[in-house]
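A.B. asks: 0 is the number of the first residue of the sequence shown in numbering that gives the first Met the number 0; add one for each residue after it.
Here a beta-carbon is modelled for each residue, glycine too, at the ideal position from N, C-alpha and C.
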Amino acid sequence: MLSRWSRRAAWCAIGAGAIGIASIGACAGSRSGAEAPSATLAQSADAQQAFQSIRHRWLLANGSERLVFEPELQEFRARFPSDPLTRLANVFLAWIALERGDLETAEALADRVRSGPAGTTQDLANLVTGAALCRKGKPEPALDLLTPLVGKMIDPFAQSMLHEQIVDATVKAHRWFEALAYMDDWLRSAEQHEMSAVRERVDMLLATFPPDTLEVALRTMKKAKGHAGYGNDIRLAVAGTLTQIAIKRADPRLARSVIDNPGMMEALGDAGEALAHLASSGGAAPRIVDATVGMVLPAREDGLRERAAQAVAGALEMFGPDRSTVEADGGSGIAPTDSPALITRDHHDITAPSRAPFDELAHEGAALIIAGFDPEGALLASRYAESESIAVIVLATPSQPVPDARFTFVAGEDDEAVMRGLMAAAGQGGRKAARVGGPAPASGPGADLVASCDARAARAGDLRFPLARWRTAGVGAIALAGHAHCAHDVFLELALAKFAPTVLIGPEALGVELPKGYAGTIVQAKVGMVQGASRDASIEAWVRSHGDAPGWYESLGRDAAALARMAVTGMRKGTVTDLKEVAARRVAVQRALESARADLWTTKEKGFGGGRKLSREILY
Numbered sequence: 000m001l002s003r004w005s006r007r008a009a010w011c012a013i014g015a016g017a018i019g020i021a022s023i024g025a026c027a028g029s030r031s032g033a034e035a036p037s038a039t040l041a042q043s044a045d046a047q048q049a050f051q052s053i054r055h056r057w058l059l060a061n062g063s064e065r066l067v068f069e070p071e072l073q074e075f076r077a078r079f080p081s082d083p084l085t086r087l088a089n090v091f092l093a094w095i096a097l098e099r100g101d102l103e104t105a106e107a108l109a110d111r112v113r114s115g116p117a118g119t120t121q122d123l124a125n126l127v128t129g130a131a132l133c134r135k136g137k138p139e140p141a142l143d144l145l146t147p148l149v150g151k152m153i154d155p156f157a158q159s160m161l162h163e164q165i166v167d168a169t170v171k172a173h174r175w176f177e178a179l180a181y182m183d184d185w186l187r188s189a190e191q192h193e194m195s196a197v198r199e200r201v202d203m204l205l206a207t208f209p210p211d212t213l214e215v216a217l218r219t220m221k222k223a224k225g226h227a228g229y230g231n232d233i234r235l236a237v238a239g240t241l242t243q244i245a246i247k248r249a250d251p252r253l254a255r256s257v258i259d260n261p262g263m264m265e266a267l268g269d270a271g272e273a274l275a276h277l278a279s280s281g282g283a284a285p286r287i288v289d290a291t292v293g294m295v296l297p298a299r300e301d302g303l304r305e306r307a308a309q310a311v312a313g314a315l316e317m318f319g320p321d322r323s324t325v326e327a328d329g330g331s332g333i334a335p336t337d338s339p340a341l342i343t344r345d346h347h348d349i350t351a352p353s354r355a356p357f358d359e360l361a362h363e364g365a366a367l368i369i370a371g372f373d374p375e376g377a378l379l380a381s382r383y384a385e386s387e388s389i390a391v392i393v394l395a396t397p398s399q400p401v402p403d404a405r406f407t408f409v410a411g412e413d414d415e416a417v418m419r420g421l422m423a424a425a426g427q428g429g430r431k432a433a434r435v436g437g438p439a440p441a442s443g444p445g446a447d448l449v450a451s452c453d454a455r456a457a458r459a460g461d462l463r464f465p466l467a468r469w470r471t472a473g474v475g476a477i478a479l480a481g482h483a484h485c486a487h488d489v490f491l492e493l494a495l496a497k498f499a500p501t502v503l504i505g506p507e508a509l510g511v512e513l514p515k516g517y518a519g520t521i522v523q524a525k526v527g528m529v530q531g532a533s534r535d536a537s538i539e540a541w542v543r544s545h546g547d548a549p550g551w552y553e554s555l556g557r558d559a560a561a562l563a564r565m566a567v568t569g570m571r572k573g574t575v576t577d578l579k580e581v582a583a584r585r586v587a588v589q590r591a592l593e594s595a596r597a598d599l600w601t602t603k604e605k606g607f608g609g610g611r612k613l614s615r616e617i618l619y
C-alpha cells in the first residue's frame, strides 16, 4: 500500500493529466526542511500539573465540549503568565474562539504563538490560523499554512481538525484531485466513533465537485485495482455521488460508467439496482424533480417570440431564476431547491407537430407545463397534456377542443373572440373601423380595412400602414389588435400623417406608451387589474422595477405562473423516476391546480374554480 505521500502525488498526477495543471509542485507537501516536532514543556511542576489536567480532558472532548475550558485556560494564563505552556493555552483559547465563529480573536491569539519558537505548539497555531483563513474564504493562503502540517500533527484532535480543514480548503480552492487525496486520508484515519460524521461531510463536499472530475477519478481507481492504495471508502463515496447525479439527470451513459466498476452495483445496494435499470434504458423517461414547472416557448416567428419573451418576464415575477431558466443543468444536478423552480425549452417548428420540447421538460422533472401562445400551439400543448396526463396551462384558446380534456387549463383568450369584441367596440355609433394586427384577414369585403403588424412600406419614405387610404374611406376608429411595439408604430405614423381617429387598444397592446397631446380619443381595454380602475401592490412594484405597466402577455405569464406555483408548492423534494409515482404526482398537481387560488392581474377571479378555463371580462 502506498503512503499518503505517494497516494497524494498520484492524485495530483491525475489532476495534471486530466485538467492540464501547469505544475504539480503546488500539490506537494513540505517535508524537507520541516522542523522536527518538539513538545512544549513547563517551567514548574505546578504549571505542568495544572495544565495536564486541562489537556487530558481536552483530548477526551469534542469541538463544542471544549468551549467549557475557556475559564480554566484564562485562569491558567493569569496564574502562569511567563510559563511556556501559556503559549499552548493561547492556542487552545484560539481554538475555542474558532469554534464560536470569532475568527478575529482566533487569529489574534494564534498570531501571538506563531511569532514564537518553532515546534508543535506553533504548528497548532498555524492550524488555527489556516482554519480561520479558510472560513474567511481565503483557501489558498490557508493551504500555505496547512499543507506543511501534513504528517506532523501528533494529537488526535489536531489530526482530525487538520483533515477537515485541509479538505475544506482544497475544495474551496477547486483543487479537486488534491482534495480527493486528502478525503482518502481522512476516511482512512477516522476513528470508529467519528466515521459516520466524516462520511457525511465527504459526501456533502463531493456533491460540489464537477461530475467530469469524479468520473475521471473513478476510472483511475478502477485501473489501479487497489494496488495504488485508494481506499474503498473514497471509491464508494465517489461512486455514490455519481449515482445520485446519474439518477437525477436520468443519464444512462453516466450510469453505465459507474456500474462498470467490479462489485460497485452490489455495494450501492438499492441505488445500484436503480442505476442498472437506468443504464439499460434510453434515459428519456419522464420524472418529477422537486417542485418544477416548465415553459415551452415558441421561436418560429417574431410575433410569437415577442409573446414568449413577455410571458417569461411575467413568470419570473413568481419564480425568479431559482433552479434555472436555461436549457441545461450546468451544475452537479443534485443541488436541492428550496422553492418551486422554472425551466424552459424553445419550440422552433410547429408545422410538423413536435413533442420534443414537452418530452424534454418532462424528462427534466417538470410536474406542470405552461405553453400554447397561439391557437395552434395551444392545440398541440393540449393534446400533449391529455396524452401524457400532465397538467398544461395554455395562454391561448386551442384552435379546436380536445375531447374529454382533463389536464388542459386555458388561461388565455380566443384571439378571434378578442378581435371581434375589439372591432365591435371600435364600430360603436356607426363608426367605420379599421384594424391593425390580429388574425390575418380573408380576401373580400372589408379586407382593405385590415393591416398586418408586419406590413412594409411600398418604397422608402412611405408609411407602413394605409392611413391615407383609410382617412379617404372615412375611417373613424382604428383598433389595435397587435402587440405593443406594433401599436407604438401606429401612433408614430398617425402623427406623421396628421390623422387622429379614435384608437382602441386591445389587450395585447396594453402597456404601449401613449402619445402626449394626441388629438383623438384613446380607449384602452379594461381587464382585471392590468388596465382596470385600481392596481394592487404587486403591479405597482412591477412599475417601479420595470418603468412601465405590464403588458398583456407579461400579465398572462405572471398569472399562469402564480397558479402553477400554488399547484406545485408543497411537493416533496427529490427525484421520482418510478412511472407509477410520476403519474400519481401529476394527478395530484392537476387536482391542486383545479382549486389553486391567487391574486391575478388579468381577471377578478382567483383561479380556475374547479373548471378548466379562467373567466374574465374585457371592457372598452
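Residues bridged to R434 by DSSP?
C.D. replies: Stepping through the sequence shown from its first residue, residue 434 is reached at position 435. Answer by DSSP bridge pairing, in chain order: V449, A478.
A.B. asks: Assuming F408 is part of the beta strand (DSSP E), what are its boundary residues?
C.D. replies: By one-based count along the sequence shown, residue 408 stands at place 409. It spans 407 to 412 - the beta strand (DSSP E) in which F408 sits, taken as one unbroken run.
A.B. asks: Could you spell out where the alpha helix (DSSP H) holding V489 opens and where it closes?
C.D. replies: Position 490 of the sequence shown holds residue 489. First-last of the alpha helix (DSSP H) with V489: 483 to 496.
A.B. asks: Within 10 angstroms of its Cβ, does P500 collect 16 or more other Cβ (buried), or is it exposed?
C.D. replies: Residue mapping note: residue 500 aligns to position 501 of the sequence shown, counting from 1. P500 is buried by the Cβ-count criterion.
A.B. asks: Okay, do the region 578 to 591 and the region 499 to 519 touch, 3+ Cβ pairs below 8 Å being the bar?
C.D. replies: The region 578 to 591 vs the region 499 to 519: no contact.
A.B. asks: Which partner residues of V393 appear in the DSSP bridge assignment?
C.D. replies: As a position in the sequence shown, residue 393 is number 394, starting the count at 1. Beta-bridge pairing links V393 to A370, V409.
A.B. asks: Can you name, in chain order, every residue of its own chain whose Cβ lies under 6 Å from the Cβ of H487, other than the five neighbours on each side?
C.D. replies: Taking the first residue of the sequence shown as 1, we reach residue 487 at position 488. If we look at H487 and ignore the five residues flanking it on each side, its Cβ neighbours are V511.
A.B. asks: Taking C-beta to C-beta, are L217 and V237 nearer than 9 Å?
C.D. replies: For this step, residue 217 is matched to residue 218 along the sequence shown. For this step, residue 237 is matched to residue 238 along the sequence shown. Going by C-beta atoms, L217 is nearer than 9 Å to V237.
A.B. asks: If we ignore side chains and look at the alpha-carbon of each, how far apart do M220 and Y229 end up?
C.D. replies: For the purposes of this step, residue 220 is taken as residue 221 along the sequence shown, with counting starting at 1. For the purposes of this step, residue 229 is taken as residue 230 along the sequence shown, with counting starting at 1. Each residue's Cα considered, the two are about 7 Å apart.
A.B. asks: Using 10 angstroms around the beta-carbon of Y552, count the other beta-carbons present and answer buried if the total reaches 16, otherwise exposed.
C.D. replies: In the sequence shown, the residue the question calls residue 552 occupies position 553. With 16 or more Cβ atoms within 10 Å of its Cβ, Y552 is classed as buried.
A.B. asks: Would you check if the distance between the CB atom of A366 and the CB atom of T291 is smaller than 9 Å?
C.D. replies: The count along the sequence shown starts at 1 and reaches residue 366 at position 367. The count along the sequence shown starts at 1 and reaches residue 291 at position 292. It is a contact, given that the beta carbons lie within the stated cut-off.
A.B. asks: Measure how close the beta-carbons of L186 and I246 come, nearest whole angstrom, since I'm counting them as under 8 Å.
C.D. replies: Taking the first residue of the sequence shown as 1, we reach residue 186 at position 187. Taking the first residue of the sequence shown as 1, we reach residue 246 at position 247. Not quite, the Cβ-Cβ distance comes to about 23 Å (not below 8 Å), so this is no contact.
A.B. asks: With A425 and L448 assumed to form a contact (beta carbons below 8 Å), what rounded beta-carbon distance in angstroms separates them?
C.D. replies: One-based indexing of the sequence shown puts residue 425 at position 426. One-based indexing of the sequence shown puts residue 448 at position 449. Contact flag wrong, Cβ pair sits at about 10 Å.
A.B. asks: Going by DSSP in three states, A563 sits in which element: helix, strand or coil?
C.D. replies: Within the sequence shown, residue 563 is the residue found at index 564, counting from 1. A563 falls in the helix class under three-state DSSP.
A.B. asks: Please look up how many angstroms separate the CB atoms of I617 and G364, rounded, as I've assumed it's under 8 Å.
C.D. replies: Residue 617 sits at position 618 when you count from the first residue of the sequence shown. Residue 364 sits at position 365 when you count from the first residue of the sequence shown. In fact, because the Cβ distance is near 36 Å, the residues do not count as touching under 8 Å.
A.B. asks: Using a threshold of 9 Å, state whether the C-beta atoms of A597 and L562 are closer than that.
C.D. replies: The residue labelled residue 597 in the question sits at position 598 within the sequence shown. The residue labelled residue 562 in the question sits at position 563 within the sequence shown. A contact, by the Cβ cut-off of 9 Å.
A.B. asks: Run through DSSP, which three-state label would A33 get?
C.D. replies: Along the sequence shown, read from residue 1 onward, the residue named residue 33 stands at position 34. With a pLDDT of only 42 at A33, under the threshold of 50, the placement of this residue in the model should not be trusted; the figure read from the coordinates follows. Coil at A33, not helix or strand.
A.B. asks: Let me know the secondary structure DSSP gives A60 once reduced to three states.
C.D. replies: Taking the sequence shown and counting its residues from 1, the one referred to as residue 60 is at position 61. A60: coil per DSSP, three-state reduction.
A.B. asks: How many angstroms separate the CA atom of G608 from the CA atom of M418?
C.D. replies: Translated into the one-based positions of the sequence shown, residue 608 becomes position 609. Translated into the one-based positions of the sequence shown, residue 418 becomes position 419. Spanning the two alpha carbons is a distance of roughly 26 Å.
A.B. asks: Buried or exposed: where does M570 fall if 16 or more other Cβ atoms within 10 Å of its Cβ makes it buried?
C.D. replies: Numbered from its first residue, the sequence shown carries residue 570 at position 571. Buried, because 16 or more other Cβ atoms sit within 10 Å of the Cβ of M570.
A.B. asks: Give me the residue from V127, D184, A478 with the minimum Cα distance to G62.
C.D. replies: The residue given as residue 62 occupies position 63 in the sequence shown. For the residues V127, D184, A478, the minimum Cα distance to G62 belongs to V127.
A.B. asks: What is the DSSP secondary structure of M422, counted as helix, strand or coil?
C.D. replies: Taking the first residue of the sequence shown as position 1, residue 422 is located at position 423. M422: helix per DSSP, three-state reduction.
A.B. asks: By Cβ distance below 7 Å, which residues in the same chain neighbour A189 in space, the five residues on each side in sequence not counted?
C.D. replies: Start at 1 with the first residue of the sequence shown, and residue 189 comes out as number 190. Counting only Cβ-Cβ distances below 7 Å, and skipping sequence neighbours, we find V197.
A.B. asks: Where does T291 fall in DSSP's three states?
C.D. replies: Walking along the sequence shown from the start, residue 291 turns up at place 292. The answer is strand: DSSP assigns T291 an E or B state.
A.B. asks: Going by beta carbon distance, what residues of the same chain come within less than 7 Å of V112, once the five residues before and after it are set aside?
C.D. replies: Looking up residue 112 in the sequence shown gives position 113. Here the set comprises R86, N89, V90, T120, Q121, A124.
A.B. asks: Among C452, D461, G445, which has the Cα closest to the Cα of V474?
C.D. replies: By one-based count along the sequence shown, residue 474 stands at place 475. For V474, the nearest C-alpha among the options comes from G445.
A.B. asks: Excluding the 5 residues flanking A278 on each side, which residues of the same chain have their C-beta closer than 7 Å to its C-beta?
C.D. replies: Taking the sequence shown and counting its residues from 1, one reaches residue 278 at position 279. The residues are P251, A254, R255, I258.
A.B. asks: Go ahead and pull the three-state DSSP assignment for R463.
C.D. replies: Counting from 1 along the sequence shown, the entry for residue 463 is found at position 464. Three-state DSSP puts R463 in coil, outside helix and strand.
A.B. asks: Taking 8 Å as the threshold, find out whether the region 191 to 209 comes into contact with the region 153 to 172 through three or more Cβ pairs.
C.D. replies: Segments in contact, yes.
A.B. asks: Within 10 angstroms of the Cβ of D289, are there 16 or more other Cβ atoms? Answer buried if so, exposed if not.
C.D. replies: On the sequence shown, position 290 is the one that residue 289 refers to. Buried, because 16 or more other Cβ atoms sit within 10 Å of the Cβ of D289.
A.B. asks: Distance check for A559 and L592, CA to CA, integer angstroms please.
C.D. replies: Numbered from 1 along the sequence shown, position 593 holds the residue referred to as residue 592. Numbered from 1 along the sequence shown, position 560 holds the residue referred to as residue 559. Answer to the nearest angstrom: the Cα atoms are 10 Å apart.
A.B. asks: What's the C-alpha gap between W10 and F176?
C.D. replies: Working through the sequence shown from its first residue, we reach residue 10 at position 11. Working through the sequence shown from its first residue, we reach residue 176 at position 177. Model confidence at W10 stands at a pLDDT of 46, short of 50, so the residue's coordinates are unreliable and nothing is read from them.
A.B. asks: Which partner residues of L503 appear in the DSSP bridge assignment?
C.D. replies: One-based indexing of the sequence shown puts residue 503 at position 504. Bridge partners of L503: A478, V522.
A.B. asks: Which first and last residues belong to the alpha helix (DSSP H) in which H347 is found?
C.D. replies: Numbered from its first residue, the sequence shown carries residue 347 at position 348. Per DSSP, H347 belongs to no alpha helix (DSSP H) and is neither H nor E.
A.B. asks: Drop a sphere of 10 angstroms on the beta-carbon of S381, count the other beta-carbons inside from all chains shown, and report buried for 16 or more, exposed for fewer.
C.D. replies: Residue 381 sits at position 382 when you count from the first residue of the sequence shown. S381 comes out buried.
A.B. asks: L267 by DSSP, collapsed to three states: which one?
C.D. replies: Taking the first residue of the sequence shown as 1, we reach residue 267 at position 268. Of the three classes helix, strand and coil, the one that applies to L267 here is coil, per DSSP.
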